[in-house]
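Take a look at the structure set out below.
There are 2 protein chains.
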Amino acid sequence: MTKPLAPNATIGILGGGQLGRMLSVAASRLGYKTCIFEPGGDCPASHVANYHFQKSYDDADALREFAKSVDVITYEFENIPTSALDILEEHCRIHPNRDALRVSQDRLTEKTFLRDLGLMTAPFATVDDANSMAAAIAEVGAPSILKTRRFGYDGKGQARLKSSEDADTALADMAGAPALLEGFVNFSHEVSVIAARSIDGQVSCFDPGENVHKDGILSTTTVPARLTGSQRMDAVLLAGKILNALNYVGVMGVELFVTPQGLIVNEIAPRVHNSGHWTQNGCTIDQFEQHIRAVVGLPLGDGQRMNDVVMENLIGDDMDRLPDLLAEPTSAVHLYGKADTKPGRKMGHVNRVSPKSS
Amino acid sequence: MTKPLAPNATIGILGGGQLGRMLSVAASRLGYKTCIFEPGGDCPASHVANYHFQKSYDDADALREFAKSVDVITYEFENIPTSALDILEEHCRIHPNRDALRVSQDRLTEKTFLRDLGLMTAPFATVDDANSMAAAIAEVGAPSILKTRRFGYDGKGQARLKSSEDADTALADMAGAPALLEGFVNFSHEVSVIAARSIDGQVSCFDPGENVHKDGILSTTTVPARLTGSQRMDAVLLAGKILNALNYVGVMGVELFVTPQGLIVNEIAPRVHNSGHWTQNGCTIDQFEQHIRAVVGLPLGDGQRMNDVVMENLIGDDMDRLPDLLAEPTSAVHLYGKADTKPGRKMGHVNRVSPKSS
């Protein structure tokens, strides 16, 4: 058994958004202090953290000072500059590890890793220019989606091809960035597994949730998801396989397409995940606490679902509905403390809870 | 309808202990900022609050500055100096109100208030000196308990009388403080109702919990409590009566003795209550969020219990059992971030959750 960090130890969190905020709260529940590294001021996580390093990821001295002041480092987003990780890692452990970041920062590496594990992915081919684009369409076909290999999130950096005629426009959208053409998958619905792995290799998964997106952004997650018993088992097993292969420590979000041929892995995120927010009101130990438990070396909770939950994201103008949402007597509203509402901006979410149906 | 405080408003909290800490977390969930007023440094609530006024309750300037910097004031303990309240109230609303504090700060006022409401209390008589002590014993009898009228908590400021022979020792224990002799109540068990009332007068109660004390300190709270349907109804109705009589806004803890003759009110606490900690893992909206909702003018949650829970306080050396507690896969451990463990000190609690039985 690894010796866990003692209560009162400090957890460093890279990123000060809503995920960092909810990680901070979970850490406080277990008696830990948190220190946020985030260039932006008045960020959501800073409101509930002990310390806030408001510094740039280019500031080597600040990174060093941050790493020396904390007992373990984790993060709320995967696009952390490699140069920053190099400095941090000299002074402090980082969970999840570099392998997890390397795999998830690049769609090509990610897809190749998953395929090599024996898991199904959408067909894919790399695209760097008009020539490779033509070859990719020949291989993958259309309809398909062209995506930048790096730094995409919430549908950003993506262009749809209805047919090969859209190739030039889609390629122009990438603005010269290395890209991946992904073939169309004929899926009935998307589910995700929020999986956790402890330092000692214990794996625990939450019940898969069923996701609905709007405009490329997650809109709702519903538990229980529409899955057969064997699909549910498959989902959990393949998530475990991914975590074990990476010697992963922490929580990971694994997005899956449900098809008649089986489950196809869409993408993985090496962090707590929006589609796991339902666990806050559906489980005794939620994804945020599960992640904290993993990175400090504590045993994991069992992930058992106690209630049915529908999680709805509150995006931009959805905040206008806040008075109605707050008046729903069995719904838990979670707000992120962001000062300004903007279109497409995640402002909060609501978990609608009902007694467990199955 | 009262207009609620907008998200991003700031809630001032008097007191920086574990209750303030958990109130801060609940406030953050609803998008509010918090500002703690607490003379002690590195206090539990400051770890998860936006601001910490580390100032004395004698510091009129600090109190004024604090009151001006927040949008509403609430508190985690009832023994706030009247002089401080006078200053604060000039600049900012305080919920729950002065009446609630006046009643609960003095056991005589409290018992008289409850009796005047038509509720049952233990027999009581005031004790200031040897003469009134003799009269009180003649009226109330022995066994009985002598309690200071003010500033008692967790069994402090109490002396038991097995018979009238213990009168002198008990009186000496009060060190000249005004006291109350309370007659012995032959009760089978103690329950408490965590009740909430909104600014608009909406009342919502959580399911009563059954309390077990050790050495005068709460040890466990279990839901569901052993109560008949009509006792449960009585408990909730009398709590509502108390809140309405005080035009109360916020959460109150109402401790009740269960006797064959009915429910006897032991004491009330005008704040979130240790015996309501189970709601964190038993309800969609817990007592801390319910209190925040009330004081900012939001509608209340319905208090519906989703699970069975046994809450156990972790006091002093109980922290030695932490590794075992953290390894229980369906138990939620809540720690308060206190640096030093001391005998009798509340360090955290654990909520053991199981599916709802009734």
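Line order of the protein sequences matches chains A and B.
Numbered according to the UniProt record's numbering, the first sequence spans residues 1 to 358.
Numbered according to the UniProt record's numbering, the second sequence spans residues 1 to 358.
Where is the CB? At the ideal position from N, CA and C, for every residue including glycine.
List, in order along the chain, the chain A residues whose C-beta lies closer than 8 Å to that of residue i?
i        : result
B/Gly348 : Gly31
Can you list the residues of chain A that residue i reaches, using a CB-CB cut of under 7 Å?
i        : result
B/His334 : Arg29
B/Leu14  : Chain A residues near B/Leu14: none, gap ~19 Å exceeds 7 Å.
B/Asn8   : Gly337 and Ala339
B/Pro299 : Leu326 and Ala327
B/Asn281 : Thr284
B/Thr259 : Simply none; closest approach about 33 Å.
Label residue i either buried or exposed according to how many other C-beta atoms from any shown protein chain fall within 10 Å of its C-beta, with 16 as the threshold for buried.
i                      : result
B/Val151               : Looking at the sequence provided, one finds Phe at residue 151 of chain B rather than Val. Result: exposed.
residue 404 of chain B : Absent from the model: residue 404 of chain B. The displayed extent of chain B is 1 to 358, so no value can be given.
B/Glu165               : exposed
B/Gly41                : exposed
A/Leu237               : exposed
B/Thr34                : buried
B/Gly344               : exposed
A/His52                : buried
B/Met261               : Per the sequence shown, residue 261 of chain B should be read as Gln rather than Met. Exposed.
B/Thr228               : exposed
So which residues of chain B does residue i contact, with C-beta pairs closer than 8 Å?
i        : result
A/Val353 : Thr284 and Met306
A/Leu119 : Per Cβ cutoff of 8 Å: no residues; A/Leu119 is ~28 Å from chain B at best.
A/Thr109 : Near A/Thr109 there are no residues of chain B at all, since even the closest Cβ is about 34 Å away, more than 8 Å.
A/Thr82  : Chain B residues near A/Thr82: none, gap ~32 Å exceeds 8 Å.
May I ask you to report which of helix, strand or coil DSSP gives residue i?
i        : result
A/Ile137 : helix
B/Ile292 : helix
B/Leu246 : coil
A/Leu314 : strand
B/Asp215 : coil
A/Glu38  : coil
A/Phe66  : helix
A/Ala195 : strand
A/Ile285 : coil
B/Gly276 : helix
A/Val185 : coil
B/Ile80  : coil
B/Phe124 : strand
A/Met252 : strand
B/Thr220 : strand
B/Glu165 : helix
A/Ala6   : coil
A/Asn131 : helix
A/Ser104 : helix
A/Lys111 : helix
B/Ser204 : strand
B/Glu190 : strand
Taking C-beta pairs closer than 9 Å, name the residues in chain A that residue i reaches, listed in chain order.
i       : result
B/Val25 : Val25, Ser28, Arg29 and Val48
B/Leu74 : Before going further, note that residue 74 of chain B is Thr rather than Leu in the sequence given. Simply none; closest approach about 18 Å.
Do residue j and residue i come within 8 Å of each other at the CB atom, strictly closer than that value?
i                      : j        : result
A/Ala195               : A/Val249 : no
B/Ile292               : B/Ile11  : yes
A/Asp207               : A/Val223 : yes
A/Leu63                : A/Ala84  : yes
residue 375 of chain A : A/Gln287 : What is shown of chain A runs 1 to 358, which leaves residue 375 of chain A out entirely.
B/Ala192               : B/Gly216 : Going by the sequence as given, residue 192 of chain B is Ser instead of Ala. No, Cβ-Cβ distance for B/Ser192 and B/Gly216 is not below 8 Å.
B/Glu312               : B/Val353 : no
A/Glu76                : A/Gly157 : no
B/Ser144               : B/Leu161 : yes
B/Ala122               : B/Ile264 : yes
B/Pro96                : B/Leu298 : no
A/Ile36                : A/Ala27  : no
A/Cys92                : A/Ala67  : yes
A/Val333               : A/Thr220 : no
A/His47                : A/Gly337 : yes
A/Leu335               : B/Gly282 : no
Just the chain B side, please: which residues come within less than 9 Å of residue i by C-beta, in chain order?
i       : result
A/Leu19 : By Cβ distance, chain B contributes nothing, its closest Cβ being about 14 Å from A/Leu19, past 9 Å.
Which chain B residues sit within Cβ distance under 7 Å of residue i?
i        : result
A/Gly216 : Result: empty, since nearest Cβ-Cβ is about 25 Å, beyond 7 Å.
A/Thr220 : Correct list: empty, because the minimum Cβ distance to chain B is about 17 Å.
A/Thr112 : Those do not exist, as A/Thr112 stays about 35 Å from chain B at its closest Cβ, beyond 7 Å.
If the cut-off is 7 Å on Cβ atoms, which residues from the region 303-323 of chain B count as contacting chain A, listed in chain order?
Gln304, Met306 and Asn307
Mind checking the region 155-171 of chain A against chain B and listing, in chain order, the residues whose C-beta falls within less than 7 Å of any C-beta there?
For the region 155-171 of chain A, there are no residues whose beta carbon sits under 7 Å from a beta carbon of chain B.
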